[in-house]
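Enquirer: From first to last, the protein sequence lines are chains A and B. Numbering of the first sequence is given in this note's numbering, commencing with residue 879 and proceeding in unit increments. Numbering of the second sequence is given in this note's numbering, commencing with residue 640 and proceeding in unit increments. There's a structure below that I have some questions on.
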Amino acid sequence: MWRDVLFWVCAVLAVATGVAVFRVDSMARATFALLASFIFAAGTVLLLDLPYLGVLVILMMIMEMVVMAVFMIMYMMNPAGLMPMTMVHNQKGSLAIAVGTFVLLASGVLLTPWPTSSAPRPEDPTMQLGEALMGSKMLVMIVLGLALFATMVCTVVLATHRGRYDRYGDRLERERPRDPIRGGLGR
Amino acid sequence: MSLPAFLLLASALFSVGLYGALSQQSIVMIMMGLELMVNAVIVGAAAFWFHTSPDRGDGQVIVLLAVTAMAIEMAVGFAVTTAIFRSRDVDMTDMATDLKG
């Protein structure tokens, strides 16, 4: 019973803060509204006996949103929300598509006879996840690791202003780096 | 706390994220919409694991996949934003229409 109440409280708050992300006046507030939405959604995951994944989502989102807030303030106008802010295009079309998608998904959810399972629940879901990742789902873990490594490389390449290939040439053949300003040790 | 209730929550989160991704002009706000959509996948996958196949770890692995996709999306998104902002001073999608067909 208390789980049901908790679920609906978390669900309503997750959606409400999710809507608030696109309604508030400041980017910083939007970021923290998104954080609240993630935490409430993770709360529902916690209710499903998935403590590891729920806590993982909460911790990851706190870090991610704090990093996002920094980027917001770096790039965006009006970070403090001192004046009204709307930066939207084709709002009516987007709203219609979003509402249509929700109606479609919700009718599918309510009309489909969902299967139920009488299979025994694992004693420790975290152990089950670990055994899956280290056993039958090892390939997923390997691909995720590779994808994260590729992400690190490409984010550094994209975000670097001038790397060593800009300075020393594509084959690193220049004796002296080509820099816009002379200077540095021995130059 | 039935499966349809969770899926309704996931549908609502997905739709809100879709609205944000379609309507916002700022690149960072679009990424927020995308993250809300991935969040819906997390809720849906966890609910499917709990209600339809708790004896197998597959649903949990999908949640882990979605969490990783979210991290990758944000890291690469910010790197692309940094690159395009540095080269052209662009922080709105309407100013970056090179690939418009």
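Glycine residues also receive a C-beta, built at the ideal position from the N, C-alpha and C atoms. Since the structure is predicted, the reported quantities are computational estimates derived from the model, not experimental observations.
Beta-carbon separation of A651 (chain B) and F980 (chain A) under 9 Å?
Expert: yes
Enquirer: Going by C-alpha to C-alpha distance, which of A:I1059, A:S972 and A:F1027 sits closest to A660 (chain B)?
Expert: A:S972
Enquirer: Taking three-plus beta-carbon pairs below 8 Å as touching, is the stretch 885-898 of chain A in contact with the stretch 918-933 of chain A?
Expert: Yes: at least three Cβ pairs fall under 8 Å.
Enquirer: For L648 (chain B) and chain A, any beta-carbon pair shorter than 9 Å?
Expert: Yes, L648 (chain B) lies at the interface with chain A (some Cβ there is under 9 Å from its Cβ).
Enquirer: M713 (chain B) and E1051 (chain A) - do their beta-carbons sit closer together than 9 Å?
Expert: No; because the gap between Cβ atoms is not below 9 Å, this pair is not in contact.
Enquirer: Is it buried or exposed for S985 (chain A), if we count other Cβ within 10 angstroms and need 16 for buried?
Expert: exposed
Enquirer: Tell me which residues share the same chain as V702 (chain B) and place their Cβ nearer than 6 Å to its Cβ, disregarding the 5 neighbours each side in the sequence.
Expert: I681, A684 and A685
Enquirer: Do A976 (chain A) and S665 (chain B) come within 9 Å of each other at the CB atom, strictly closer than that value?
Expert: no
Enquirer: Please report the straight-line C-alpha distance between V1021 (chain A) and I1059 (chain A), rounded to a whole angstrom.
Expert: Our two residues, V1021 (chain A) and I1059 (chain A), have alpha carbons roughly 43 Å apart in a direct line.
Enquirer: If I measure Cβ to Cβ from A898 (chain A) and keep anything under 6 Å in the same chain, skipping five residues before and after, which residues do I get?
Expert: A911
Enquirer: If you draw a straight line from the C-alpha of V1018 (chain A) to the C-alpha of A908 (chain A), how long is it?
Expert: So the alpha carbons of these two residues sit roughly 33 Å apart.
Enquirer: Using a cut-off of 7 Å between C-beta atoms, extract the partners of R999 (chain A) located in chain B.
Expert: P693
Enquirer: Identify which residue in B:A718, B:S726, B:M668 and B:V700 has its Cα closest to the Cα of E1009 (chain A).
Expert: B:V700
Enquirer: Closest by CA to P643 (chain B), which one among A:L988, A:D1002, A:C1032 and A:G1047?
Expert: A:L988
Enquirer: Given that R725 (chain B) touches chain A, what residues does it touch there, using C-beta distances under 7 Å?
Expert: H1039, listed in chain order.
Enquirer: Cβ atoms of P929 (chain A) and P1003 (chain A): under 9 Å apart, would you say?
Expert: yes
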